[in-house]
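Using this note's numbering, the first residue of the sequence shown is number 1, and each one after it goes up by one.
What follows is one structure encoded as structure tokens, with my remarks underneath.
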Amino acid sequence: MRFTIPRDIYYGRGSLETLKEVKGKKAVIVVGGTSMQKTGFLDKTAKLLREAGLTTHIFEGVEPDPSIETVMRGAAFMREHQPDVIVSIGGGSPIDAAKAMWIFYEHPEITFDDIKDPFTVPELRKKATFIAIPSTSGTATEVTAFSVITDYETKIKYPLADYNLTPDIAIVDPDLASTMPKELVANTGMDALTHAVEAYVATAATEFTDPLALHAIKLIITNLVKSYEGDKDAAEKMHYAQCMAGMSFSNALLGITHSLAHKTGAALGIPHGLANAIYMPYVIRFNSNEEADGYQKNGKVSSRKKYAEIATYMGVAEKEEKVLVDKLIGFVETINNTLNIPASLREAGVEEMEFRRLADGIAENAAKDPCTGSNPRRAEKEDLKKLLHCIYEGKQVDF
1 MRFTIPRDIY YGRGSLETLK EVKGKKAVIV VGGTSMQKTG FLDKTAKLLR
51 EAGLTTHIFE GVEPDPSIET VMRGAAFMRE HQPDVIVSIG GGSPIDAAKA
101 MWIFYEHPEI TFDDIKDPFT VPELRKKATF IAIPSTSGTA TEVTAFSVIT
151 DYETKIKYPL ADYNLTPDIA IVDPDLASTM PKELVANTGM DALTHAVEAY
201 VATAATEFTD PLALHAIKLI ITNLVKSYEG DKDAAEKMHY AQCMAGMSFS
251 NALLGITHSL AHKTGAALGI PHGLANAIYM PYVIRFNSNE EADGYQKNGK
301 VSSRKKYAEI ATYMGVAEKE EKVLVDKLIG FVETINNTLN IPASLREAGV
351 EEMEFRRLAD GIAENAAKDP CTGSNPRRAE KEDLKKLLHC IYEGKQVDF
């Protein structure tokens, strides 16, 4: 067994100042759209690195759901400037993109196909170390071994997975997340909750990952709505909670909520966190149905028992596991409703003809997604297709 997190995590308001202590000669900063520029955090990052004695170059314009093409352009930019420190600041997209750029900067001889399968990334850190600075409170990519990259030709998201991709340093400064719009607070917060819940029930969950997942769940359920309503203290706690969830799922892995979100994101145009929020109640119901044909415990305890443990940890005074699972699903649905998150794909505006045209391919690709292998209940293509139809129509999952 293995438990891997960044060597150093600096956190707290103003922790961005840690950059003044970075050792190196040249840095490439990878950033997304304009939010970090408008708020001044990009300029501040470059200034702090210069104070540390590093020459800095900036690669801008990483799009939401970064493409393979953007990754390759960024890797070429790094080969041109030869950094010994890579810094990415912003949401999950620029950090994920920078991780992938890092691979092709250090290994220009390989192709994207060479690293699509889990744990196929060659050894890194021969040229550069990696610093991640998140500006959103959800993806936790600053502490994970994952990078999600989109192939827009096939409309498939590939979650690259390898412990080589775990950043060396994470700077978790809640000041950077203070300018998120409400919709982004909702979507990223539910992404973080999905990370923690899926990590707790995943087949690779351990005694090291479970405490982080449980505490993250409690912090998120307690603080997400308050953060959405503008409470700064709650927003700070959310920034830490999503990081804890990330440390948990990076080691425990995830499940089919994420498999489906990865494969519907580009195909149906559903933002990742929003997709997770919509799908999670349906997936919990599917995973906890121990009476279903083909149900497998796939680990030390059943997923129903672990879902029930979450509800108990939240203070639900019930003993029957089915009741506890219902209460947990109720927690999630209530939060979704408060955050104005639709209860189905139909409510989210997905056209029925488009959904029916794509559902079979989405299910097939989701069955192949790396997250499916660690889901606590076996899920084949036909299971996922039936589940997708329930999610689209808002129907009860009873299989």
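Where a beta carbon is used, it is the ideal one built from N, C-alpha and C, also for glycine.
Note that this is a predicted model, so its numbers are computed, not measured.
query: When 135, 398 and 169 are compared against residue 292, the one with the closest alpha-carbon; result: 398
query: First and last residue of the uninterrupted alpha helix (DSSP H) at residue 278; result: 272-287
query: Sub-7 angstroms separation of residue 170 and residue 9 beta-carbons; result: yes
query: Chain-order list of residues whose beta-carbon lies under 7 angstroms from that of residue 391 (same chain, five-residue window excluded); result: 278, 279, 282, 344 and 345
query: Per-residue DSSP class, three states only, for residue 205; result: coil
query: Contact under 7 angstroms by Cβ, residue 138 with residue 242; result: yes
query: Spatial distance of residue 255 from residue 96 (CA atoms); result: 19 angstroms
query: Counted within 10 angstroms of its Cβ, other Cβ atoms place residue 317 as buried (16 or more) or exposed; result: exposed
query: DSSP three-state assignment for residue 55, whether helix, strand or coil; result: strand
query: beta-carbon residue 111 near the ligand HEM non-hydrogen atom, thresh 6 angstroms; result: Looking for the ligand HEM in the displayed structure turns up nothing, as the structure carries no ligands at all.
query: Secondary structure of residue 119, DSSP reduced to three states; result: coil
query: Closer than 7 angstroms to chain D by CB, residue 376; result: Within the model displayed, chain D is absent; a lone protein chain is all it includes.
query: Classification of residue 247 by the beta-carbon crowding that lies within 10 angstroms, buried from 16 upward; result: buried
query: Beta-carbon gap between residue 184 and residue 313 smaller than 7 angstroms; result: no
query: Alpha helix (DSSP H) segment containing residue 6, residue limits; result: That residue, residue 6, is in no alpha helix (DSSP H); it is neither H nor E in DSSP.
query: CB of residue 148 within 7 angstroms of CB of residue 159, strictly; result: yes
query: Close beta carbons around residue 258, own chain, < 6 angstroms, minus the five adjacent residues each side; result: 371
query: Selection from 66, 65, 22 and 60 that minimises the alpha carbon distance to residue 47; result: 22
query: Under the three-state DSSP convention, the category residue 99 falls into; result: helix
query: Inter-residue Cα distance where the pair is residue 222 and residue 145; result: 27 angstroms
query: Simplified DSSP state of residue 152, which is helix, strand or coil; result: coil
query: Secondary structure of residue 322, DSSP reduced to three states; result: helix
query: Residue 55, buried or exposed, once every other Cβ within 10 Å from all chains shown has been counted against 16; result: exposed
query: At least three beta-carbon pairs within less than 8 angstroms, the region 197-212 to the region 352-370; result: no
query: Same chain only: Cβ atoms within 7 angstroms of residue 338, ignoring 5 sequence neighbours per side; result: 225
query: contact_flag[the region 75-91, the region 101-114] where n(CB pairs < 8 angstroms) is 3 or more; result: yes
query: Residue range of the unbroken alpha helix (DSSP H) whose run includes residue 412; result: Residue coverage of the chain in this structure runs from 1 to 399, which leaves residue 412 outside it and unanswerable.
query: Enclosing alpha helix (DSSP H) for residue 220 [first to last residue]; result: 210-228
query: Per-residue DSSP class, three states only, for residue 49; result: helix
query: Spatial distance of residue 19 from residue 45 (CA atoms); result: 7 angstroms
query: Rounded separation between residue 120 and residue 321 - CA only; result: 39 angstroms
query: Proximity below 7 angstroms, CB of residue 13 to CB of residue 175; result: yes
query: Three-state class that DSSP yields for residue 89 in the structure shown; result: strand
query: Residue 197, buried or exposed, once every other Cβ within 10 Å from all chains shown has been counted against 16; result: buried
query: Cross-strand partners of residue 160 (DSSP beta bridge); result: 147
query: Delimiting residues of the alpha helix (DSSP H) encompassing residue 232; result: 232-252
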